[in-house]
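Structure first, commentary second.
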Amino acid sequence: MMISAAKTVLIMKTLEFVRDTKKDRVTVACADGMVSVSSKCAYCRHCTGIVTGKRVAPSPQREALEAIRRGSGSDEGLMTAAMMFNMLVRDGNAVACDDDADTGFLALY
């Protein structure tokens, strides 16, 4: 008899970017309405990453915060993560969001 592990499929929302080239701003349609990706999604607990093509890059802020909580991160690492997030937004086309209940923005820290 062979026992195999159960496969878990995680389904999350993909919020497409709406780019405003005149204002140099990227927004998404969140449960809270149209919000800025750089100022809201970057610091939201529901943001799991940025979709770039067929790939989802994990949220750098979430990883940096976990490193700080483990005691191996620094404030500079969190600042670097914010810059990396903005670079991913520049190259990406959507936000991966796990807010399936449509509760809206929830502060990461």
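Heads up, the sequence shown is in the working numbering, so the first residue is 1228 and it goes up one at a time.
Even for Gly, the Cβ is constructed at its ideal location relative to N, Cα and C.
I'd like to check one pair, residue j with residue i: are the Cβ atoms closer than 8 Å?
i: T1279; j: L1315; result: yes
i: F1244; j: V1264; result: yes
i: A1256; j: T1330; result: no
i: T1241; j: A1323; result: yes
i: R1252; j: A1334; result: no
Under three-state DSSP, which class holds residue i?
i: T1254; result: strand
i: T1307; result: helix
i: R1317; result: helix
What residue range does the beta strand (DSSP E) around residue i cover?
i: L1292; result: Premise fails: L1292 lies in the alpha helix (DSSP H), P1287 to R1297, not in any beta strand (DSSP E).
i: R1246; result: V1245 to D1247
- [ ] Indicate whether the contact test is met: 3 or more Cβ pairs, each with one atom in the region 1307-1325 and one in the region 1285-1293, closer than 8 Å.
- [x] yes
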